[in-house]
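Structure first, commentary second.
Protein chains: 2
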Amino acid sequence: MFYRMIGAALIALAVALLLGPGLIRYLKKLHFGQTIYELGPSHQQKQGTPVMGGLMMAAGMLAASLICHPIPWAGGWDFLIPLLAVSFLSMAVGFADDYIKAVKKRHEGLKPLQKIAGQVIVALGFSVYCYLSPKVGSSIQIPFTGLEWDLGVFYIPLMTLLVIFIVNSSNLQDGLDGLLSTVASISSASWAIICMILLVSSGAVDAGDTTTIGVFAMSMTGACIGYLRFNRYPAKIFMGDTGSMLLGGGTVAMAMLLRQPFLLLLSFFTPIMSSVSVIMQRYYFKLTHGKRIFLMSPIHHHFEKKGYSETQIVSMYAGITLILSLIAVAAVCAVQ
Amino acid sequence: MFYRMIGAALIALAVALLLGPGLIRYLKKLHFGQTIYELGPSHQQKQGTPVMGGLMMAAGMLAASLICHPIPWAGGWDFLIPLLAVSFLSMAVGFADDYIKAVKKRHEGLKPLQKIAGQVIVALGFSVYCYLSPKVGSSIQIPFTGLEWDLGVFYIPLMTLLVIFIVNSSNLQDGLDGLLSTVASISSASWAIICMILLVSSGAVDAGDTTTIGVFAMSMTGACIGYLRFNRYPAKIFMGDTGSMLLGGGTVAMAMLLRQPFLLLLSFFTPIMSSVSVIMQRYYFKLTHGKRIFLMSPIHHHFEKKGYSETQIVSMYAGITLILSLIAVAAVCAVQ
């Protein structure tokens with residue numbers, strides 16, 4: 029099962045690396061350059077960089093998950109289908125948005141109501157699936173304690189909100205070259221390691237399902253690292269909503285199937301921070317009739333305005349994510 | 029034991045972050061600016077950046093290891109003393125070199141013979157310690173197989189060479205802003221996780237000693253991330269031989285105490301690649317009477333000459349290290 033995970037990382041990495049140059053050429057040819065908002069600090073030179081690079085990761089993750097998942101074992105498909113469904117349907121919403129903006133050249137993209145409707149359908153469907161599945165159910169684990177918290181029927185609305193929140197957090201984090209892909213490569217690695225630890229500690233109990241999640245997590249790590257080859261500063265391609273929603277959807281799906289949504293507060297802290305900074309900024313602005321907490325939100329643009337370079341901010345977010353991901357791994361170890 | 033590891037990471041991080049600004053000011057005041065060789069591609073602007081930033085990491089690692097190590101348990105000191113001895117004595121050799129260069133302004137630093145003599149003493153002493161220790165011995169594990177390989181008395185010369193090789197590899201890798209500190213933060217995190225997995229899988233067997241190594245590993249991760257705050261591009265401080273030999277010594281000590289030196293080929297691959305590239309370049313140059321394989325060695329300077337920026341190379345090395353570290357973790361899981 030560990031060899032499958034290694035294989036998944038390497039396959040996803042290879043697919044992303046191999047597809048990259050062709051995809052960049054193809055997207056450029058179709059004039060898929062994203063129109064950069066005037067709002068971002070001095071990003072005008074990024075005009076013309078193709079978006080929808082998330083397709084590169086999607087191809088890697090799909091190939092790796094299908095090739096390496098443990099189908100011969102009991103229940104091999106039980107977790108794979110929901111994982112792929114949540115991540116790829118979330119991606120589809122983002123893709124529609126990117127496509128309308130880039131190809132149809134309508135700057136607004138999807139209407140907000142269309143976007144949120146798409147996300148609600150995915151989130152609600154997945155929450156109901158988990159609630160009804162005998163392998164997941166309505167209980168979630170409380171880190172460090174070994175305790176479970178049965179949310180009962182409230183599981184469905186709360187988790188629906190969680191999925192929407194995480195997918196959009198991931199989307200908000202994606203604003204600097206290599207930022208979200210770096211953070212997601214580390215956080216997905218921590219989910220893979222958590223699966224390994226569960227496998228080592230439990231022996232064969234639900235080994236097939238845990239392996240499925242581990243394979244998916246490793247495919248995300250490999251895909252992110254392959255994609256980073258092209259996305260690191262100065263970026264040759266952007267993942268677009270296509271990519272950010274794929275990563276957000278995949279991450280929240282893993283957390284819920286492992287019944288560990290609280291761990292997202294650790295390993296997915298920086299995307300959540302992006303969301304929270306946007307919310308704080310808006311409320312403060314309304315409350316004070318025009319004052320701002322941050323020079324700009326999401327908070328990574330605040331740091332940019334403060335004079336930090338893109339690569340410095342990526343390095344800072346990576347460091348924070350690495351430390352918090354290690355704590356998440358230790359939290360799982362502590363209750364085995 | 030997992031809480032100790034978390035504590036170690038956070039203490040080392042905090043110490044490095046708190047000491048950083050003062051240390052930079054102090055070292056600058058003493059005119060500890062390193063004279064940059066003409067050899068490096070276009071690094072002249074780095075003139076005047078203080079070296080010996082490794083002291084920041086050393087302080088963090090020492091504080092965290094002492095505070096968080098499991099002294100009340102059986103054998104609490106058995107592994108801590110050798111870990112600290114190897115890393116800090118390796119550091120002392122590097123420190124002497126830095127000090128002579130920076131303060132005494134003698135560009136050659138330590139004489140090669142003095143340097144290698146210091147390293148041989150540390151390496152030989154530690155190899156003999158491991159050989160004689162009932163907790164380590166002359167057997168090393170072969171990854172993925174669960175097999176052990178008893179080197180017998182050859183353990184001592186082979187491991188002596190290994191320590192010297194790894195310490196110098198680490199030293200050679202340290203040539204770009206944030207490069208070695210990023211790689212070491214990921215590789216040390218993987219050693220910490222390996223300790224966690226051994227603890228989860230073995231229950232209480234040797235829990236004290238494994239915890240000691242895990243605490244040390246996490247302190248290295250925390251210290252590297254704190255140090256990166258100041259070392260990331262554009263660097264305000266360099267770690268110097270002080271830091272690179274500390275990290276190399278600490279890493280090889282962990283690998284040997286865990287009887288897993290082969291895993292260094294995975295998680296410490298990029299520093300080893302630096303060494304190997306230097307050796308290849310020299311032999312090829314001699315064999316062909318003047319031809320070169322790489323535009324410049326170590327190989328990260330080759331990539332620089334090829335037109336990659338410092339941050340791109342760091343990102344690439346980080347990605348490679350992350351993937352290979354995950355494989356190392358999986359290798360340990362596979363035989364539990």
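As you go down the protein sequences, you meet chains A and B in turn.
With the working numbering applied, the first sequence covers 29 to 364.
With the working numbering applied, the second sequence covers 29 to 364.
Positions of the beta carbon are idealized from the N, C-alpha and C atoms, including for glycine.
Only residues of its own chain outside the window of five on either side were considered, and among them Ser-305, Gln-309 and His-330 have a CB closer than 7 Å to the CB of Phe-322 (chain B), listed in chain order. In this structure, Gly-82 (chain B) lies away from Gly-278 (chain B), with their beta-carbon atoms at least 8 Å apart.
By a beta-carbon distance limit of 8 Å, Pro-78 (chain B) does not contact Leu-190 (chain B). Their separation comes to about 32 Å. Excluding residues up to 5 positions away in sequence, Met-246, Thr-249 and Gly-250 lie with their Cβ nearer than 6 Å to the Cβ of Ala-37 (chain B) in the same chain.
Of all residues in the stretch 332-362 of chain B, the ones placed with a Cβ closer than 7 Å to any Cβ belonging to chain A are Thr-339, Gln-340, Ser-343, Gly-347, Leu-350, Ile-351, Leu-354, Ile-355, Val-357, Ala-358, Cys-361 and Ala-362, in chain order.
Here Pro-299 (chain B) is near Gln-201 (chain B), since their CB atoms are less than 8 Å apart. A direct Cα-to-Cα measurement between Lys-57 (chain A) and His-317 (chain B) gives close to 48 Å. For Gln-147 (chain B), the secondary structure class from DSSP, reduced to helix, strand or coil, is helix. Contact with chain B is absent for Gly-271 (chain A), since none of that chain's Cβ atoms lies less than 8 Å from the residue's Cβ. Around the CB of Thr-238 (chain B), 16 or more other CB atoms lie within 10 Å, so the residue is classed as buried.
Nearest in C-alpha terms to Asp-205 (chain A), of all of A:Leu-46, A:Ala-44 and A:Ile-341, is A:Ile-341.
The residue from B:Phe-30, B:Met-344 and B:Leu-111 with its alpha-carbon nearest to that of Phe-258 (chain A) is B:Met-344.
Taken through DSSP and simplified to helix, strand or coil, Ile-300 (chain B) comes out as helix.
The CB of Arg-53 (chain B) never comes closer than 8 Å to any CB in chain A; the least such distance is about 20 Å. Only exposed fits Ile-307 (chain B), as fewer than 16 other CB atoms lie within 10 angstroms of its CB. Proximity of chain B to Tyr-261 (chain A) at the Cβ level (cut-off 9 Å) is accounted for by Ser-337, Thr-339, Gln-340 and Ser-343, in chain order. Under the DSSP assignment, Leu-47 (chain A) falls outside any beta strand (DSSP E), being part of the alpha helix (DSSP H) whose first and last residues are 30-57.
Nearest CB-CB separation between Leu-41 (chain B) and chain A: below the 8 Å threshold. Listed as beta-bridge partners of Trp-177 (chain B) by DSSP are B:Ile-168. According to DSSP, Pro-262 (chain B) shares a beta bridge with no other residue.
Approximately 19 Å separates the beta-carbon atoms of Ser-353 (chain B) and Ser-272 (chain B); this is outside 8 Å, ruling out the contact. Under the Cβ distance rule, Ile-241 (chain B) does not count among the residues neighbouring chain A, no pair being separated by less than 8 Å. Note that the stretch 174-193 of chain B touches the stretch 149-157 of chain B; at least 3 beta-carbon pairs, one per stretch, sit closer than 8 Å. Distances from the alpha-carbon of Thr-339 (chain B) to those of B:Met-282, B:Gly-203 and B:Ser-303 put B:Gly-203 closest. At the C-beta level, Ile-52 (chain B) and Ile-225 (chain B) stay beyond 8 Å of one another. Within chain B, no residue has its CB atom less than 7 Å from the CB of Thr-238 (chain A), the nearest being about 12 Å off.
Our two residues, Leu-111 (chain A) and Cys-223 (chain B), have alpha carbons roughly 30 Å apart in a direct line. Distance from Tyr-183 (chain A) to Ser-166 (chain A) at the Cβ level is roughly 4 Å; contact confirmed, criterion being Cβ atoms closer than 8 Å.
Of all alpha-carbon atoms in A:Ala-92, A:Ala-130, A:Lys-129 and A:Val-148, the one lying nearest the alpha-carbon of Leu-117 (chain A) is that of A:Val-148. Val-280 (chain A) counts as buried, since no fewer than 16 other beta carbons sit within 10 angstroms of its beta carbon. For Phe-116 (chain A), the closest Cβ of chain B is not nearer than 8 Å.
The Cβ of Phe-30 (chain A) sits closer than 8 Å to at least one Cβ of chain B. Ranked by Cα distance from Ser-216 (chain B), the options B:Leu-90, B:Leu-350, B:Ser-302 and B:Ser-230 are led by B:Leu-350. With a cutoff of 8 Å on beta-carbon distance, Ser-209 (chain A) and Tyr-255 (chain A) are scored as near each other.
By the neighbour-count definition (other C-beta atoms within 10 Å, threshold 16), Pro-49 (chain B) is an exposed residue. Ile-253 (chain B) sits away from Val-357 (chain A), with the two beta carbons spaced by 8 Å or more.
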